[in-house]
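Line order of the protein sequences matches chains A and B. First residue of the first sequence? That's 24 in the numbering used here, and the numbers climb one at a time after it. First residue of the second sequence? That's 24 in the numbering used here, and the numbers climb one at a time after it. No residue lacks a Cβ here, since even glycine has one placed at the ideal position from N, Cα and C.
Protein chains: 2
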Amino acid sequence: MQAIILFGHGARDIRWREPFDRMATLWREQHPTTPMALAFLELMQPSLAEAIAGLVDAGATSVRIIPVFFGQGGHLRNDFPVLLADCQAKFPDVQISAAPAVGEDPHILQAIIDFGARELT
Amino acid sequence: MQAIILFGHGARDIRWREPFDRMATLWREQHPTTPMALAFLELMQPSLAEAIAGLVDAGATSVRIIPVFFGQGGHLRNDFPVLLADCQAKFPDVQISAAPAVGEDPHILQAIIDFGARELT
């Protein structure tokens, strides 16, 4: 069974995660047969490994990670591959893979442009 | 004349800004009569004040700032209002205002959900 993780940076202020909680709700409403979990790089729980463990407990054999980051800087280019390799070592029987950062998706960039245009009117 | 700023966090790795440069191109293609500038909170140039100065030089009398952040944590709740007040003091004749963070927009959250769903297939 395939599962998905929305993976964000994390922050000290708990309210930072509100859009992530809204995305979790949207995912579960729209894709109820594909288990999803949130995970955070730092400062918030669960970690990526904890999120994968939860999905594996729920029956996942394959986990696709969506990095909810705009840019691909040090976190995604340096920290994330190490973290991914650690997780793969912890869960050798699970197929773990990662999508590009959401900032690479032209539809998401267009949605930001459209938001900006609406904010001017 | 109204102008817009796409305001991001910034990062050490110059490649982090690539989605911002793509958004700048999209904006200029789609909204050529509304001047836009990128600006960054830290680690990248220009600063918010520098970006506003450039837009004012280009004739802007009103600047709407779009915070390209998912979550509203310490940066947006604490640092940003101070920065905004500093900028308003520097440019008293310019109407400066800020939109909510892009992570507050349901269309953008939906675009992320749709990206995740496409990444599973």
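Since residue i meets chain A, which of its residues come closer than 7 Å, beta carbon to beta carbon?
i, result
"ARG45 (chain B)", "LEU132"
"GLY96 (chain B)", "ALA34, ARG35, ASP36, ARG38, TRP39"
"LEU107 (chain B)", "Under the 7 Å cutoff, chain A gives no residues; its nearest Cβ is about 15 Å from LEU107 (chain B)."
With a threshold of 8 Å on Cβ separation, who are the neighbours of residue i within its own chain once the five nearest residues in sequence on each side are excluded?
i, result
"ALA26 (chain A)", "THR57, PRO58, MET59, ALA60, LEU78, ALA81, ALA83, SER85, VAL86, ARG87"
"TRP39 (chain B)", "GLY33, MET67"
"GLN93 (chain A)", "Position check: residue 93 (chain A) holds Phe in this sequence, whereas Gln was assumed. So the qualifying residues of the chain are ALA124, VAL125, GLY126."
"HIS98 (chain B)", "HIS32, LEU64, PHE92"
"CYS110 (chain A)", "LEU71, ALA72, ILE75, ILE119"
"LEU95 (chain A)", "The residue asked about is misnamed: residue 95 (chain A) is Gln in this sequence, not Leu. Here the set comprises PRO123, ALA124, GLY126, GLU127."
"LEU132 (chain B)", "GLY126"
Listing by chain order, which chain A residues have their CB less than 9 Å from the CB of residue i?
i, result
"ASP80 (chain B)", "Going along chain A, no residue has its Cβ under 9 Å from ASP80 (chain B), so there is no contact; the nearest lies around 20 Å."
In the DSSP assignment, what are the bridge partners of residue i?
i, result
"GLN25 (chain A)", "A:SER85"
"MET59 (chain B)", "B:ILE27"
"SER70 (chain B)", "Looking at the DSSP assignment, SER70 (chain B) forms no beta bridge with any residue, so it has no partner."
"PRO90 (chain B)", "B:PHE30"
Residue i versus chain A: which residues are under 8 Å apart at the beta carbon?
i, result
"GLU127 (chain B)", "PRO42"
Please list, in chain order, the chain B residues whose beta carbon lies closer than 8 Å to that of residue i.
i, result
"LEU143 (chain A)", "GLN25, ILE27, THR57, ARG87"
"GLY77 (chain A)", "Correct list: empty, because the minimum Cβ distance to chain B is about 17 Å."
Give me the chain B residues within the contact set of residue i, using Cβ-Cβ distance strictly less than 7 Å, ordered along the chain.
i, result
"PHE93 (chain A)", "GLY31, PRO42, VAL91"
"ILE136 (chain A)", "MET46, LEU49, TRP50, GLN53"
"ALA140 (chain A)", "HIS54"
"ALA122 (chain A)", "GLU142"
DSSP three-state label for residue i, please.
i, result
"ALA31 (chain B)", "The sequence shown places Gly at residue 31 (chain B), rather than the Ala named in the question. Of the three classes helix, strand and coil, the one that applies to GLY31 (chain B) here is strand, per DSSP."
"PRO129 (chain B)", "helix"
"GLN95 (chain B)", "coil"
"ALA121 (chain A)", "strand"
"ASP44 (chain B)", "helix"
"ASP109 (chain A)", "helix"
"ASP36 (chain B)", "coil"
"LEU49 (chain A)", "helix"
"ASP116 (chain B)", "coil"
"LEU78 (chain A)", "helix"
"LEU64 (chain A)", "coil"
By Cβ distance, which residues of its chain are closer than 7 Å to residue i, with the 5 residues on each side in sequence left out?
i, result
"MET46 (chain A)", "LEU29"
"PHE18 (chain A)", "What is shown of chain A runs 24 to 144, which leaves residue 18 (chain A) out entirely."
Please go through the same chain and pick out, in chain order, the residues whose beta-carbon is closer than 6 Å to the beta-carbon of residue i, but skip the five residues on each side of it.
i, result
"PHE43 (chain B)", "GLY31, LEU61"
"ILE89 (chain A)", "LEU29, ALA122"
"TRP50 (chain B)", "MET59"
"LEU106 (chain B)", "LEU71"
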